[in-house]
Amino acid sequence: MVKQNGGYIWVYSEVGHGSVFKVYLPPADSPSAAHSVTREDAAGRKKFGWETVLLVEDEDAVRVLAREVLRRNGYVVLEARHGIDALRIAERHPDDIHLMITDLVMPHMGGGELAKRLSAARPGMKVLFMSGYTDHEVMHRDLTPGVAFVQKPFTPEVFARKVRHVLDMQPTSSADRRA
12 MVKQNGGYIW VYSEVGHGSV FKVYLPPADS PSAAHSVTRE DAAGRKKFGW ETVLLVEDED
72 AVRVLAREVL RRNGYVVLEA RHGIDALRIA ERHPDDIHLM ITDLVMPHMG GGELAKRLSA
132 ARPGMKVLFM SGYTDHEVMH RDLTPGVAFV QKPFTPEVFA RKVRHVLDMQ PTSSADRRA
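Following this note's numbering, the residues of the sequence shown are numbered contiguously, the last one being 190.
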């Protein structure tokens, strides 16, 4: 029922700390939240995505939501369930990948290691990290100051704005390419 109404359920669990379940639904009076993402900037200019985005997320529900938000905003989406899968997909995709959006904590290879490997092979690719972990140490162990980050759970609007913001950023040095 949640999915049919354009929403999603976010679940976070830590051994010994418990679980958190959050249900997100769009307002009943409006179209699906994923459809209502603003497509204009502050000056009223249309903003459509066209870039290729590699989305790396091990949680199916989050990956599906993110994929739909990206596609509805015009982006070409390549999907991976974990870091090893993402490396294989990137290897088979000869064209530009403009942005990689990756969870920090995943099985097989975390987002930090994945970003190091793919950024070395694709220096022009930008990176947006995401995580549902609230533990400061876990969240920032693979992050250097200034990297782009979005906290899960996020709304479709917040996610779409963050993606556009990261893609529109101009790198000032090789270290800033991931910001």
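For every residue, glycine included, the Cβ atom is placed at its ideal position computed from N, Cα and C.
These numbers were taken from a predicted model, which means no experiment stands behind them.
{"query": "Enumerate in chain order the residues of its own chain whose CB-to-CB distance from residue 46 is below 7 angstroms, with the five nearest sequence positions on each side excluded.", "result": "Because the pLDDT at residue 46 is just 41, under 50, the model does not fix this residue reliably, and the value given afterwards should be weighed accordingly. So the qualifying residues of the chain are 83."}
{"query": "Short of 8 angstroms in beta carbon distance, which residues of its chain neighbour residue 139, apart from the five on each side in sequence? Order them along the chain.", "result": "110, 111, 112, 113, 159, 160, 161, 173, 174, 177"}
{"query": "If we call anything under 8 angstroms between Cβ atoms a contact, is residue 115 one with residue 88?", "result": "no"}
{"query": "How about the stretch 119-129 and the stretch 70-79: do they share at least three Cβ pairs that are nearer than 8 angstroms?", "result": "no"}
{"query": "Leaving out five residues before and five after residue 96 in sequence, what residues of the same chain have Cβ atoms less than 7 angstroms from its Cβ?", "result": "none"}
{"query": "Confirm, please, whether the CB-CB distance from residue 72 to residue 20 is below 8 angstroms.", "result": "yes"}
{"query": "Does DSSP put residue 39 in a helix, a strand or coil?", "result": "Here residue 39 scores only 49 on pLDDT, less than 50, and its place in the model should not be relied on; the value that follows carries that caveat. Looking at residue 39 - three-state DSSP - the assignment turns out to be coil, as it is neither helix nor strand."}
{"query": "When you compare the CB positions of residue 90 and residue 74, do they come within less than 8 angstroms of one another, or not?", "result": "yes"}
{"query": "Closest to residue 119 by C-alpha separation, out of 62, 25, 29, 98, would be which residue?", "result": "98"}
{"query": "Measure the alpha-carbon distance for residue 106 versus residue 68 and round it to whole angstroms.", "result": "21 angstroms"}
{"query": "By alpha-carbon positions, which one of 134, 163, 22 ends up nearest to residue 141?", "result": "163"}
{"query": "Which residue from 64, 59, 171, 143 puts its Cα closest to that of residue 30?", "result": "143"}
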